[in-house]
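Since the structure comes first, as structure tokens, the remarks are kept for the end.
In the working numbering, the protein residues as written are 25 to 550.
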């Protein structure tokens, strides 16, 4: 969607080609935008892992508390379409300074409210402010780093996203065990002032272009922002409320769809449209949009499966889950310079295909899991996935840049944010629903075998009754306990089979991604 920013009449004025704006401290500015990307992703993941602790601390029920994470990410989606426009009008430095300080204050105040209303309010404010961080990151990297270092800046950005995505469980587990729930928000709040300082001293001050405000296609921006935010909320809450069996979910999708439709009509009829849809069907851009969404879908799907398997099947705590996810996070420090150097000499499409293939192979390895697997058993697949995701994400962003002119780089930032949120939520929503449905399917099949009274079932019940008889008051209690243990074993095995199915279906998504990569043409010479 957002790549179309480059195609509108207004956008051609806003994003006209310009020489890179070199600051005196580009590395300091790079640190600032990287902190922003880290904060944006880390906040969402920490809140997800720590949701149960947060609900308990403020006395919120399961259904009420489910909106805590949604409030933050929906607000990010709400501001994503407008972020590039705001960066051009007011300058990225001003936008990020205001946003980082606003975010810090919101996260500082949030735990002090102690109420669900207060938490939701400050989550919305934090989401609106942090929603500008990632859209403006890529633009700064391309426009401010020397050309030969741009690919390394992109590699560091991809590393940053991977770190925050897979480091959150360790942070949440450590905070809950050694501090308290309020530090789930205060830890990132402490990073906000550091980000603001880096932005202040490392990014160039650009003049405010107030004349552009009156030319803005505000109706188009409003329709897109509200429409995609409502669709995102529907995706985020759909599995919990059983999708279209819920009037709320139906209403969210209906309203979101109508607003997106209004956005399309607005852009087709507006004399100064925000985007021109023809730009969406030019060169490699459509395929790259699909690949961005697909990669985020795969990343969030696998980021859901491994922790959920360890928690559901093996009763892992968040800190123990974090130790496993670190197998993806820590290798990024070595992979970032490696993939950056490789992309200077190799075709990005080849590197991208290698990354996708590695993720697919990792999913195939993980699909051989059993109920006896623990965190260490995921080591081969997690290490392979770390390699694959780093190569795929970095090369995909780099190839996007090579397919866009300097005039369109800020639009790429908005595209990445839209793909990050939409693709990630599609992955999480799909995999949650898929695992739930497959677990029910496998439970039904396994229970059918139990009800049939097979010889194996009879022998297992007899053996279990013999083991629990000494701790039971009589034969009836021993029988009940044996049936309960058998039921738990069936449910556990059903989940194992469901998670296996999840890894298999992700591997097929990867096959689709490889087919899309094969259709990519060489990037135009710039």
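Glycine included, C-beta positions come from ideal geometry on N, C-alpha and C.
Tell me whether the region 249-262 and the region 271-279 touch, counting them as touching only if at least three CB pairs, one residue from each stretch, are closer than 8 Å.
yes
Less than 8 Å between the CB atoms is what I'm expecting for residue 318 and residue 97, so what's the real figure, rounded?
Not really, about 19 Å apart at Cβ, beyond 8 Å.
When the Cα of residue 180 is compared with those of 441, 529, 417 and 449, which residue comes out closest?
417
Just the C-alpha distance for residue 521 and residue 224, rounded to the nearest angstrom, thanks.
52 Å
Residue 172 - DSSP class collapsed to helix/strand/coil
helix
Identify which residue in 316, 548, 343 and 327 has its Cα closest to the Cα of residue 456.
327
Three or more C-beta pairs below 8 Å linking the region 350-357 and the region 187-197
yes
Going by the CB atoms, is the gap between residue 92 and residue 143 shorter than 9 Å?
yes
In chain order, what residues of the same chain have a beta carbon less than 7 Å from the beta carbon of residue 528, not counting five sequence neighbours either side?
391
Going by other Cβ atoms of all chains shown within 10 Å of its Cβ, with 16 needed for buried, is residue 88 buried or exposed?
exposed
Please state the DSSP three-state secondary structure of residue 238.
helix
Out of 54, 293, 247 and 423, which has the shortest C-alpha to C-alpha gap to residue 227?
54
Quick one: any contact between the region 145-165 and the region 107-123, if contact means 3 or more CB pairs under 8 Å?
yes
Taking the CB atoms as reference points, tell me whether residue 165 and residue 387 lie closer together than 9 Å.
no
What residue range does the alpha helix (DSSP H) around residue 273 cover?
271-293
Measure the alpha-carbon distance for residue 64 versus residue 469 and round it to whole angstroms.
42 Å
Please state if the CB of residue 99 and the CB of residue 66 are separated by a distance shorter than 9 Å.
no
Close beta carbons around residue 336, own chain, < 6 Å, minus the five adjacent residues each side
519
Could you give the distance in angstroms between the alpha-carbon of residue 438 and the alpha-carbon of residue 472?
51 Å
If you pair each beta-carbon of the region 112-120 with each one of the region 278-296, do three or more pairs fall below 8 Å?
no
Identify, in the order they occur along the chain, each residue of the same chain with its Cβ nearer than 6 Å to the Cβ of residue 380, setting aside the five sequence neighbours on each side.
416, 534, 537 and 538
Within 9 Å, strictly: CB atoms of residue 343 and residue 201
yes
Quick check on the burial criterion: 16 or more other C-beta atoms within 10 angstroms. Buried or exposed for residue 184?
buried
Is the region 121-138 close to the region 201-219, with three or more CB pairs under 8 Å?
yes
Under 8 Å Cβ to Cβ from residue 307, same chain only, skipping five residues before and after it: list those, please.
427, 545 and 548
Tell me which residues share the same chain as residue 253 and place their Cβ nearer than 6 Å to its Cβ, disregarding the 5 neighbours each side in the sequence.
98, 101 and 102
Hey, is the region 352-366 in contact with the region 400-413, meaning 3+ C-beta pairs nearer than 8 Å?
yes
Quick check on this structure: which residue in 321, 152, 60 and 135 has the alpha carbon closest to the alpha carbon of residue 449?
321
Quick one: grab the DSSP three-state call for residue 122.
helix
Please report the Cβ distance between residue 178 and residue 541, rounded to the nearest whole angstrom; I am assuming they are in contact, meaning their Cβ atoms lie under 8 Å.
18 Å between Cβ atoms; not a contact.
Please classify residue 91: does DSSP put it in a helix, a strand, or coil?
helix
Nearest candidate by alpha-carbon position, reference residue 79, set 121, 62 and 140
140
At the level of alpha carbons, what is the spacing between residue 369 and residue 175?
11 Å
Answer yes or no: do residue 297 and residue 251 have a C-beta to C-beta separation smaller than 9 Å?
no
8 Å contact criterion, which residue 316 and residue 440 should meet: CB distance rounded
7 Å
Where does residue 265 fall in DSSP's three states?
coil
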